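**Student:**
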Amino acid sequence: MNIEQKQIFEVRVNEDAIHKLAGAFVGFLGSLRIETQRTTVDSIQNQPNEDSSDGYSLEIKSAPNYTQKWPGPNDYEPLTNVQEGTARYNGHSFTVKLGFAIRNAAGKERVRIVILVNGYPAAEFAGADAVIGGTSLVASVIKVNGKHVPAKSEVPPTYAGMPIGSYREIVDGPNASYGMAVICAQNDYPTMVKHALIRYTTSKTQA
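Here is the structure:
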């Protein structure tokens, strides 16, 4: 084999090696893409279904602002960004309504969300700041027999699949609870209403 033939042979060998490496790299990208798609599908399938075993569903829409009357003689609170509708839970239908306000809590002004079930204020959520709207997080304590569930403790099975954490993760300040809480975005109405329904139905059962 002369020098020219040897050079041609080496070029062909190098070209073959490049083609093989390129093929292997394309195959790797394909397998990576398939695995990524599989992971995405799995994550979607593992998300809790709102139509779960408790039959929870919610139909809600915007409603006029209103003023909430609290127990004090002159204790009125205007609520804005109001939503109202109907929820079903454990085979029963409930009227639900929620509204937003700014109120002092744990040492500073914070957004507060009041949720009424059948006209009764069943739960309240509080935020880290005083900004109404958007997707900033709010929290509401979880109670059993009227007492806060301590931090890092197990919560009742009725909260399975719901976003849970420490209340202090969101509301940190003087006299803030150290208990477990439901934590969600301000616009996550299904989660907030379900928490209120659990509170409402549990209190009626325990009464």
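Its first residue numbered 2, the sequence shown is counted upward by one per residue in this note's numbering. Built from N, CA and C at the ideal position, the CB exists for glycine as well. Given the structure is predicted, the values throughout are model-derived calculations rather than measurements.
1. Look at the Cβ atom of residue 141, then the Cβ atom of residue 183, and state whether they are nearer than 9 Å.
2. If you drop the 5 nearest sequence neighbours on each side, which residues of the same chain put their C-beta closer than 8 Å to that of residue 158?
3. Spell out the partners DSSP gives residue 84 in its beta bridges.
4. Reducing DSSP to helix, strand and coil, say where residue 28 ends up.
5. Mind reading off the beta-carbon distance from residue 103 to residue 131? Whole number of angstroms is fine, and I expect it under 8 Å.
6. Taking 9 Å as the cut-off, decide whether the C-beta atoms of residue 62 and residue 78 are in contact.
7. Measure how close the beta-carbons of residue 128 and residue 165 come, nearest whole angstrom, since I'm counting them as under 8 Å.
8. Can you check the segment 90-138 for any beta strand (DSSP E) of at least 3 residues that lies completely inside it and give the ranges in chain order?
**Tutor:** With the given structure in hand:
1. By one-based count along the sequence shown, residue 141 stands at place 140. By one-based count along the sequence shown, residue 183 stands at place 182. Yes, the pair counts as a contact, with Cβ atoms nearer than the cut-off.
2. Position 157 of the sequence shown, counted from the start, is the residue given in the question as residue 158. Cβ neighbours of residue 158 beyond the five flanking positions: none.
3. Position 83 of the sequence shown holds residue 84. In DSSP, residue 84 forms a bridge with 63 and 99.
4. Reading the sequence shown from its first residue, position 27 is the one you call residue 28. Since pLDDT at residue 28 reaches only 49, below the 50 mark, its modelled position is unreliable, and the value read off the structure follows with that caveat. Residue state, collapsed to three classes: helix.
5. Residue 103 sits at position 102 when you count from the first residue of the sequence shown. Residue 131 sits at position 130 when you count from the first residue of the sequence shown. The pair is a contact, with the Cβ atoms about 5 Å apart (cut-off 8 Å).
6. As a first step, residue 62 is located in the sequence shown; it is residue number 61 there, counting from the start. As a first step, residue 78 is located in the sequence shown; it is residue number 77 there, counting from the start. No.
7. Within the sequence shown, residue 128 is the residue found at index 127, counting from 1. Within the sequence shown, residue 165 is the residue found at index 164, counting from 1. Contact flag wrong, Cβ pair sits at about 17 Å.
8. 93-106, 109-118 and 121-128
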